[in-house]
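Some notes on the structure that comes next.
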Amino acid sequence: MIRIKGATLTYKDGTTALKDINLNIGAGELVYITGPSGSGKTSLLKLLMGVEYPSEGEVLVLGQKIAKEEKRRIRRLRRNIGPVFQDFRVIKGRTALENVMMGVRFLGFSPKKMKSESLNALEKVGLKHKYSSLVENLSWGECQRVAIARAIIRKPALILADEPTGNLDLDNAVSILELLSSLRDDKTSVLITTHATHLIDNQKDAVFIRINGGRITMEQGGRA
Amino acid sequence: MKSVLFNMGYFLKEAYKTIRLNLLSNIFSFIGTVLILFIFALVITGWNVSNRLVLMLKEEAEISAYYEENLDEIDKDNLIGLIEEIDGVLEVNLVSQAEAYNRMENVLGNEAGILELFEENPFEEYIEIRIHLDETERVIDRIENIEGIEYVRDNREILNRIEGIVKTLNMAGYIVTAAVGITTIIIISHMIRQGIYENRFQINTLQLLGASNSFIGFPFLIAGLLMILCGGIIASVLTVIAINIGFGQLSGTIPFIPLPPKNELVKHVVVIIMTASIILGSGGSIFGLSSIKEDAER
Ligand SMILES: Nc1ncnc2c1ncn2[C@@H]1O[C@H](COP(=O)(O)OP(=O)(O)OP(=O)(O)O)[C@@H](O)[C@H]1O
Ligand SMILES: [Mg+2]
Chain U
12 MIRIKGATLT YKDGTTALKD INLNIGAGEL VYITGPSGSG KTSLLKLLMG VEYPSEGEVL
72 VLGQKIAKEE KRRIRRLRRN IGPVFQDFRV IKGRTALENV MMGVRFLGFS PKKMKSESLN
132 ALEKVGLKHK YSSLVENLSW GECQRVAIAR AIIRKPALIL ADEPTGNLDL DNAVSILELL
192 SSLRDDKTSV LITTHATHLI DNQKDAVFIR INGGRITMEQ GGRA
Chain E
3 MKSVLFNMGY FLKEAYKTIR LNLLSNIFSF IGTVLILFIF ALVITGWNVS NRLVLMLKEE
63 AEISAYYEEN LDEIDKDNLI GLIEEIDGVL EVNLVSQAEA YNRMENVLGN EAGILELFEE
123 NPFEEYIEIR IHLDETERVI DRIENIEGIE YVRDNREILN RIEGIVKTLN MAGYIVTAAV
183 GITTIIIISH MIRQGIYENR FQINTLQLLG ASNSFIGFPF LIAGLLMILC GGIIASVLTV
243 IAINIGFGQL SGTIPFIPLP PKNELVKHVV VIIMTASIIL GSGGSIFGLS SIKEDAER
């Protein structure tokens, strides 16, 4: 599902955010990525989404090579990914429902199906009652849940959630983590970055990865 | 394809939003488009009228042959017979002195009074010959050599001058057409560029979600086409009004100008304006859409 071999990510300004990363993640894994601020968690997810390209080494996601010349195919690859961005990227001037529908608009859903599935997704994140609210009138935590609904409605093969609990109270954080980890099945892998180590300690069957200074300093767990 | 059909409502709403977002600037662009298309329509109308005029003048190419005074009726008949046989001659008529007088009276209109200053009819009898314009030189040559013909008068000079004017008009027409095309494309593509710029966050998010650039660009294409089609329609309405006014004025002041049938002219101009709108609108939109950047804001 994900294969990273000796990947280094250096940004345009010369900052090296990831150094010599090696990582293999199979189908149906639940992966928690932790590490201090600025350690490279978001950078790793950017690499996996093809937003950045490895300056060295090789990155394969769902069989797709991440490289500049693969732009078009990377765009298609993203349709199989459910991204939850650290800054949510919800679109202002639109309702919660419209934002969630944005996740599947170009995937050939009929308008009816699109609406009912979006309402479903909102229900799963506990926001169905706010479906007609403009996102600028929602709280941060609520926006984050809209972003999560937009990711899960696509039933993607890979969920990449960047700090999905960052703005949530304990109860909500726990239920969102439960929701995301429940999406893991034979075909779906879930990658979650988080600072909230106390919430994930008790997770069984999960892979725990710790990044520090752009390097993987610890990797443990997994179903095997 | 399915995505396009399922999302038509969304695309239209997005297009409307794009137009609304920069309402004032878009209104100015719209007014500009209307004016440009209107000017274009006027040029096409002028073109149409002048071309028709030339065509008619060419069809009317005729020469007058004057013969020696001592000829009797039989000689004249023979002469007419000889001329009729020449290749390129369409019609031959004998114009009597009285008729020549009448025609001049008609041409002078209100000024016809001066003819009364003459004690007797100052016009000569002559043979009027309608000919094929392309054969002018040869026909004139032949007629001049017929015995009994004194001299031949033709309107080649006038025709040449009119053709010169028409050439200049055509040239101006081409320049205006090119200017209209370029300006319209610039206005429309700029409008779309601006919309894309204002929507860059949304566009980038859609890219991150895996939407294709054609899906992302479609609402902008609709917005551009909508603007220019409405512009074309308004310009057409203005043109129809202008043609109506123009026809009224012209036929009042210069009654013998050969104007084309009004309905045909209107149809012709409207078809051209709307076609040009669609072509220029698509061109401008596609130009504008090229400003969608790959993963612009990463
Ligand atoms: N676009 C960029 N250009 C240059 N440097 C960048 C860019 N994005 C991130 N960095 C740098 O790369 C390093 C890793 O950043 P990253 O965002 O991956 O950290 P993170 O682990 O996600 O942190 P946080 O927990 O605060 O979200 C940081 O030093 C950051 O300053
Ligand atoms: Mg981060």
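Here the protein sequences line up with chains U and E, keeping their order. So that you can map any letter, position 49 of the first sequence is 60 in my numbering, and since no number is skipped, the others follow by simple counting. So that you can map any letter, position 211 of the second sequence is 213 in my numbering, and since no number is skipped, the others follow by simple counting. Glycine included, every Cβ here is placed at the ideal spot set by N, Cα and C.
If you draw a straight line from the Cα of U:D173 to the Cα of U:Q97, it comes to about 5 Å. Under the rule that a run must span 3 or more residues, the beta strand (DSSP E) segments found entirely inside the region 34-86 of chain E read 64-69. Exposure of E:N112 is indicated by the presence of fewer than 16 other C-beta atoms within 10 angstroms of its C-beta. Contact check for E:A43 against E:T179 fails: the beta carbons are separated by 8 Å or more. Assignment of U:K198 by DSSP, reduced to helix, strand and coil, places it in the coil class. Contact check for U:A18 against U:I32 passes: the beta carbons are separated by less than 8 Å. Just so you know, the alpha carbons of E:A174 and E:L39 end up roughly 16 Å apart. Around the beta carbon of E:S287, 16 or more other beta carbons lie within 10 angstroms, which makes this residue buried. Between the region 38-46 of chain U and the region 19-30 of chain U there are fewer than three C-beta pairs closer than 8 Å, too few to call the two in contact.
For E:P221, the three-state secondary structure derived from DSSP is helix. Within the same chain, Cβ atoms closer than 8 Å to the Cβ of U:M125 are found at M112, V115 and R116, the five residues on either side in sequence being excluded. Legend: CB atoms of the region 219-230 of chain E lying less than 9 Å from CB atoms of chain U are not found in any residue. U:R156 does not reach chain E, its nearest Cβ partner there being about 17 Å away, counting only Cβ pairs nearer than 7 Å. For U:G74, there is no enclosing beta strand (DSSP E), as DSSP marks it with neither H nor E. Considering only E:F220, E:V51 and E:E118, the residue with the shortest C-alpha distance to E:M10 is E:F220.
Taken in chain order, the complete alpha helix (DSSP H) segments of 4 residues or longer contained in the region 152-201 of chain U are 181-193. A Cβ-Cβ contact shorter than 8 Å links U:K141 with U:L149. Proximity of the beta carbon of U:K52 to ligand 2 is indicated: a heavy atom of the ligand is located closer than 7 Å. Excluding its 5 nearest sequence neighbours in each direction, U:R84 has C-beta neighbours in its own chain below 7 Å: Q75, listed in chain order. If you compare the alpha carbons of E:S279, E:G83 and E:K4 with that of U:G119, the shortest gap goes to E:K4. Less than 8 Å divides the Cβ of U:F99 from the Cβ of U:A158.
When E:M276, E:N246 and E:L14 are compared, the shortest CA-CA separation from E:I235 is found for E:M276. Contacts between E:E200 and chain U, judged by CB atoms closer than 8 Å, are missing: the closest CB pair is about 11 Å apart. By the 16-neighbour rule on beta-carbons within 10 angstroms, U:K135 is buried.
DSSP places E:G183 in the uninterrupted alpha helix (DSSP H) bounded by R158 to E200. Judged by DSSP secondary structure, U:L58 falls within the alpha helix (DSSP H) whose first and last residues are K52 to M60. Under the DSSP assignment, E:K295 falls outside any alpha helix (DSSP H); it carries neither an H nor an E label. Annotation for E:I88: no alpha helix (DSSP H) segment contains it, and DSSP assigns it neither H nor E. For U:R86, the enclosing alpha helix (DSSP H) stretches over residues K82 to L88. Annotation: Cβ neighbours of U:S121 in chain E (cutoff 9 Å, chain order): K4 and F8. In the displayed model, E:M106 falls within a helix according to three-state DSSP. Sequence-distant partners of E:N50 (beyond 5 residues in either direction) whose C-beta falls short of 8 Å from its own C-beta, in its chain, are P262, L267, H270 and V271.
For U:R226, the uninterrupted beta strand (DSSP E) run begins and ends at R226 to G232, by DSSP. Your pair U:A107 and U:L133 checks out as a contact, with CB atoms roughly 6 Å apart and the cut at 8 Å.
Two segments are said to touch when three or more pairs of C-beta atoms, one from each, lie closer than 8 Å; by this definition the region 145-165 of chain E does not touch the region 94-111 of chain E.
Measuring C-alpha to C-alpha distances from U:L88 to each of E:S214, E:F203 and E:I280 identifies E:S214 as the nearest.
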